[in-house]
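Colleague: Just dropping this structure here.
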Amino acid sequence: MARKVKMTVNNNTGKVLTLKPSTPKHGKFTTDAPGTIESSGSWVCTTRTGGTFGPEGTVIYQTDGGKITIEFYYNHPMNHSKSSYRVTVSPSDSIGYDIKGSFEGHDQDITFELYLI
1075 MARKVKMTVN
1085 NNTGKVLTLK
1095 PSTPKHGKFT
1105 TDAPGTIESS
1115 GSWVCTTRTG
1125 GTFGPEGTVI
1135 YQTDGGKITI
1145 EFYYNHPMNH
1155 SKSSYRVTVS
1165 PSDSIGYDIK
1175 GSFEGHDQDI
1185 TFELYLI
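Position 105 of the sequence shown, counting from 1, maps to 1179 under the numbering used here, and the rest follow consecutively.
So this is what it looks like as structure tokens:
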């Protein structure tokens, strides 16, 4: 059975996020990450047909001319392991975040809330 995760970024920073191209480590995008996120943007990743791994990867955005980088990591494994999601911001004191959603079940809907610190 396919494992799908929809990831949404609610950008409450007042800054425009620009995508840095990336490819999932496992799985494929069924909806690509948006090229820019002004206030909100979503993408969907799922397993490859006949794949034995759930989707895993990192989607990277930057802002302020590349001075701030925001990495959204996702891992939604095929086995019974709990899924994991994290945000890494560099520099770490520039943007805060919350991760909302359920990390259990085949189809997951995760929201990353970004805000200025």
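All C-beta atoms, glycine included, are put in the ideal place defined by N, C-alpha and C.
Among Pro1095, Gly1179, Thr1120, which residue has its Cα nearest to the Cα of glutamate 1145?
Modeller: Locating residue 1145 in the sequence shown gives position 71, counting from the first residue. Out of Pro1095, Gly1179, Thr1120, Pro1095 has the C-alpha closest to the C-alpha of glutamate 1145.
Colleague: Using the C-alpha atoms, what's the distance from glutamate 1187 back to alanine 1107?
Modeller: The sequence position of residue 1107 within the sequence shown is 33, counting from 1. The sequence position of residue 1187 within the sequence shown is 113, counting from 1. Alanine 1107 and glutamate 1187: Cα-Cα distance of roughly 16 Å.
Colleague: Use the C-beta contact count for tyrosine 1174: other C-beta atoms within 10 angstroms, 16 or more gives buried, fewer gives exposed.
Modeller: Your numbering for residue 1174 matches position 100 in the sequence shown. According to the sequence as given, residue 1174 is lysine; it is not tyrosine. Under this definition lysine 1174 is an exposed residue.
Colleague: Whole angstroms is fine: what's the gap from serine 1168's alpha carbon to glutamate 1130's?
Modeller: To locate residue 1168, count along the sequence shown from 1; it is residue 94. To locate residue 1130, count along the sequence shown from 1; it is residue 56. Spanning the two alpha carbons is a distance of roughly 26 Å.
Colleague: I'd like to know whether the C-beta atoms of serine 1157 and phenylalanine 1177 end up nearer to each other than 8 Å.
Modeller: In the sequence shown, the residue the question calls residue 1157 occupies position 83. In the sequence shown, the residue the question calls residue 1177 occupies position 103. The answer is yes: Cβ separation under 8 Å.
Colleague: State the beta-bridge partners of arginine 1050 as determined by DSSP.
Modeller: The question about residue 1050 has no answer, for the chain in this structure spans 1075 to 1191.
Colleague: In whole angstroms, what is the alpha-carbon distance linking glycine 1139 and leucine 1091?
Modeller: One-based indexing of the sequence shown puts residue 1139 at position 65. One-based indexing of the sequence shown puts residue 1091 at position 17. Cα-Cα distance, rounded: 10 Å.
Colleague: Does DSSP put glycine 1131 in a helix, in a strand, or in coil?
Modeller: Taking the first residue of the sequence shown as 1, we reach residue 1131 at position 57. Three-state DSSP puts glycine 1131 in a strand.
Colleague: DSSP state of glycine 1140, grouped into three classes?
Modeller: Sequence index remark: in the sequence shown, residue 1140 carries index 66 (1-based). Correct three-state label for glycine 1140: helix.
Colleague: Measure the C-alpha to C-alpha separation of valine 1161 and threonine 1132 and round it to an integer number of angstroms.
Modeller: For the purposes of this step, residue 1161 is taken as residue 87 along the sequence shown, with counting starting at 1. For the purposes of this step, residue 1132 is taken as residue 58 along the sequence shown, with counting starting at 1. Each residue's Cα considered, the two are about 9 Å apart.
Colleague: Once DSSP output is grouped into helix, strand and coil, what is the label at glutamate 1187?
Modeller: Position 113 of the sequence shown, counted from the start, is the residue given in the question as residue 1187. Strand.
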